[in-house]
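Visitor:
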Amino acid sequence: MSVKQSSISSEWSYENIISLFRKSDEPVLTAPEVADVFGVSTQAANYRLKNLIDRGELKRKQVGGAAVVYWIPRT
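Written as structure tokens, this is what we have:
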């Protein structure tokens, strides 16, 4: 992932997760990538990402096997 961790607040919040997606050079991110940036478990990242999907702030797609990618939907 092409985002400097120093450019993202380490506070584990919905706003900072969305900020990570906006600042990333990659069009999609995975739960393990999000977890790594914030120093949380992949399970915790999946939980927050699902909540952001439910709020309409993210979309997801299974891309093979168990691989899932997330992105901010176009407005």
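Reading the sequence shown from the start, the letters are residues 1 to 75 in the UniProt record's numbering. Beta carbons are placed, not taken as given, at the ideal position from N, Cα and C, and that holds for glycine.
1) Return the chain-ordered ranges of every beta strand (DSSP E) run that is complete within the segment 37 to 71 and spans a minimum of 3 residues.
2) Are Trp12 and Phe38 closer than 7 Å when you measure CB to CB?
3) Measuring only between beta-carbons, confirm whether Ala35 sits less than 7 Å from chain B.
4) Whole-angstrom Cβ separation of Ala31 and Leu58, contact assumed at under 8 Å?
5) What do you get for Ser10, buried or exposed, if any count of 16 or more other CB atoms within 10 angstroms of its CB means buried?
Guide: According to the structure shown:
1) Whole beta strand (DSSP E) segments, 3+ residues: 59 to 64 and 67 to 71.
2) Reading the sequence shown from its first residue, position 12 is the one you call residue 12. Reading the sequence shown from its first residue, position 38 is the one you call residue 38. Contact: yes.
3) Absent here is chain B; the protein component of the structure consists of one chain.
4) For this step, residue 31 is matched to residue 31 along the sequence shown. For this step, residue 58 is matched to residue 58 along the sequence shown. The C-beta distance from Ala31 to Leu58 rounds to 11 Å, too long to fall under 8 Å, and the pair is not in contact.
5) Working through the sequence shown from its first residue, we reach residue 10 at position 10. Exposed is the call here.
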